[in-house]
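Residue numbers (my numbering): 5 to 443. We put the CB at the ideal spot given by N, CA and C, even for glycine. Heads up, the thing below is written out as structure tokens.
Below, the structure written as structure tokens:
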């Protein structure tokens with residue numbers, strides 16, 4: 005069959021190099037890239053010749069060839085130009101065609117612009133670029149979605165008011181201010197290396213690109229640092245049972261050894277504190293309390309309140325609450341700065357903790373008759389609640405089931421009674437009351 009001569013000869017080496025560079029720079033599998041090219045060529049063939057057109061596409065990325073073979077039947081008068089060609093037009097290519105023959109038109113890179121025109125070629129370019137961008141987005145999402153919970157080391161390339169933009173393997177990630185360690189942002193500078201955990205990956209972020217959220221303030225980041233610095237944790241000999249953290253200030257980490265010969269706390273501290281100090285430096289000198297985990301709640305709570313020493317712990321398992329008797333000289337240690345120690349101990353153990361100073365006397369509720377009122381006083385008596393301590397230790401649901409007792413009133417009464425006992429309300433208890441759902 006005679007074929008039309010090409011007006012311009014395409015350098016196939018340029019095509020081969022372009023395919024190779026595209027596959028490498030965009031991290032796209034060559035077979036997938038070949039499929040995208042075939043799909044794009046198929047789209048413009050159907051746009052010009054119709055969806056019913058009969059054609060084959062051959063894309064050889066190794067040789068730099070792109071060929072389209074359009075097959076039509078030679079007829080006298082075509083009724084469907086996508087499937088038929090007139091005998092007169094077929095003779096322009098070869099006089100040997102007769103009616104009923106299969107006419108094969110070959111379209112290559114050399115004559116593709118003549119066959120499809122500038123508009124369709126431009127459309128194909130746009131479509132190809134969009135499909136490659138979509139594949140690139142999917143690759144980024146799938147790669148990092150599988151790495152959620154892993155630590156990466158990236159480089160800061162932009163410091164903004166509310167976040168940092170970080171590059172990792174040419175991929176943009178974001179470290180929001182709320183995921184940064186407080187008092188640390190002033191240290192951040194462009195081109196500085198930053199270690200963080202991949203907290204979340206969203207498929208569609210700014211500009212349609214996947215949004216990768218990093219964190220340095222999460223408990224998981226602290227847990228991964230322990231795995232990196234302490235081989236016994238990485239090997240599973242020591243387990244991290246729980247973490248409570250006030251980023252940049254203080255953390256409590258409960259650890260347990262699966263080998264009786266290994267001291268979990270000692271292993272985490274390391275020789276002369278070298279292991280724990282490495283973690284502390286990474287966290288901007290955040291204090292870390294290592295707690296040996298215990299299955300028995302009283303022992304666990306007592307350890308969690310360290311460095312304070314407690315006298316007695318009464319646990320109410322059904323409501324996950326505990327009352328802790330503390331020596332007078334240990335009260336400030338047990339509470340901690342702004343209630344931090346008891347708050348973290350409560351988060352670590354999962355128990356709501358109420359601290360009682362040694363020698364603290366209980367008070368009859370009748371002493372608060374003016375604040376409670378006769379009706380509420382009687383309703384509490386019906387529930388066998390007759391003292392301040394019984395009131396403070398009572399189940400929240402039981403108290404809020406009393407019609408005359410609202411959440412705000414309960415908080416106010418607790419504040420008055422705790423003040424009388426020279427004690428302070430725990431923030432977690434306040435939140436627990438406000439968030440309690442009355443059924």
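Practice item. Identify which residue in 294, 32, 341 has its Cα closest to the Cα of residue 139. Key: On the chain shown, position 135 is the one that residue 139 refers to. Measuring from the Cα of residue 139, the nearest candidate turns out to be 32.
Practice item. Output the boundary residues of the alpha helix (DSSP H) element that contains residue 296. Key: One-based indexing of the chain shown puts residue 296 at position 292. Counting along the chain, residue 296 falls outside any alpha helix (DSSP H), though it belongs to the beta strand (DSSP E) covering 291–296.
**Study point:** Option nearest residue 257 by Cα separation, candidates 235, 264, 348
**Key:** One-based indexing of the chain shown puts residue 257 at position 253. Minimum Cα distance to residue 257 is reached at 348.
Review point. Is there contact between the region 167–177 and the region 219–227, where contact requires at least three CB pairs shorter than 8 Å?
Key: no
**Study point:** Local Cβ density within 10 Å of residue 441, reported as buried at 16 or more and exposed below that
**Key:** Here residue 441 corresponds to residue number 437 of the chain shown, with the count starting at 1. Looking at its Cβ environment, which holds fewer than 16 other Cβ atoms inside 10 Å, residue 441 is exposed.
**Study point:** Cβ-based neighbour list, residue 42, same chain, cut-off 7 Å, excluding 5 preceding and 5 following
**Key:** Along the chain shown, read from residue 1 onward, the residue named residue 42 stands at position 38. Closer than 7 Å at the Cβ level, and outside the excluded window around residue 42, lie 61, 63.
Practice item. Just grab the DSSP bridge partners of residue 258 for me. Key: Numbered from its first residue, the chain shown carries residue 258 at position 254. Its beta-bridge partners are 246, 295.
Practice item. Using alpha carbons as the reference points, say which of 255, 436, 431 lies closest to residue 400. Key: As a working mapping, residue 400 is identified with position 396 in the chain shown. Of the listed residues, the one whose Cα sits closest to residue 400 is 436.
Practice item. Consult DSSP for residue 177 and reduce its assignment to one of helix, strand or coil. Key: The residue given as residue 177 occupies position 173 in the chain shown. Residue 177 falls in the strand class under three-state DSSP.
Point to revise | residue 84 in three-state terms, based on DSSP | key: For this step, residue 84 is matched to residue 80 along the chain shown. Correct three-state label for residue 84: coil.
**Study point:** Residue interval of the beta strand (DSSP E) (run including residue 172)
**Key:** On the chain shown, position 168 is the one that residue 172 refers to. Per DSSP, residue 172 belongs to the beta strand (DSSP E) from 167–172.
Check your understanding: What residue does the alpha helix (DSSP H) around residue 49 start on, and which one ends it?
Key -> Taking the chain shown and counting its residues from 1, the one referred to as residue 49 is at position 45. Note, residue 49: alpha helix (DSSP H), 34–53.
Exercise for review: Go ahead and label residue 203 buried or exposed: buried means 16 or more other beta carbons lie within 10 angstroms of its beta carbon, across all protein chains shown.
Suggested key: Taking the chain shown and counting its residues from 1, one reaches residue 203 at position 199. The residue is buried, with at least 16 neighbouring Cβ atoms inside 10 Å.
Practice item. Take residue 298 and list the residues in its own chain whose beta-carbon comes closer than 6 Å to its own, dropping the five residues that flank it on each side. Key: On the chain shown, residue 298 is found 294 positions in, with the first residue counted as 1. Only 304 meet the Cβ criterion.
Check your understanding: Buried or exposed: where does residue 65 fall if 16 or more other Cβ atoms within 10 Å of its Cβ makes it buried?
Key -> Along the chain shown, one-based indexing puts residue 65 at 61. Counting Cβ neighbours within 10 Å, residue 65 comes out buried, since at least 16 surround it.
Check your understanding: Alpha carbon to alpha carbon, how far is residue 392 from residue 294?
Key -> On the chain shown, residue 392 is found 388 positions in, with the first residue counted as 1. On the chain shown, residue 294 is found 290 positions in, with the first residue counted as 1. Approximately 35 Å between the Cα atoms of the pair.
Review point. Residue 418 lies in the alpha helix (DSSP H); which residues open and close that run?
Key: To locate residue 418, count along the chain shown from 1; it is residue 414. That run of the alpha helix (DSSP H) goes 411–424.
Review point. Cα separation between residue 130 and residue 208?
Key: The count along the chain shown starts at 1 and reaches residue 130 at position 126. The count along the chain shown starts at 1 and reaches residue 208 at position 204. One C-alpha to the other measures close to 21 Å.
Check your understanding: Is the region 190–197 touching the region 159–172 in the sense that three or more CB pairs, one from each, lie closer than 8 Å?
Key -> yes
Point to revise | Contact under 9 Å by Cβ, residue 244 with residue 271 | key: Within the chain shown, residue 244 is the residue found at index 240, counting from 1. Within the chain shown, residue 271 is the residue found at index 267, counting from 1. No, the Cβ-Cβ distance between residue 244 and residue 271 is not below 9 Å.
**Study point:** contact_flag[the region 302–318, the region 264–280] where n(CB pairs < 8 Å) is 3 or more
**Key:** no
Check your understanding: Do you know offhand how far residue 247's Cα is from residue 421's?
Key -> Working through the chain shown from its first residue, we reach residue 247 at position 243. Working through the chain shown from its first residue, we reach residue 421 at position 417. If you take the alpha carbons of residue 247 and residue 421, they lie about 32 Å apart.
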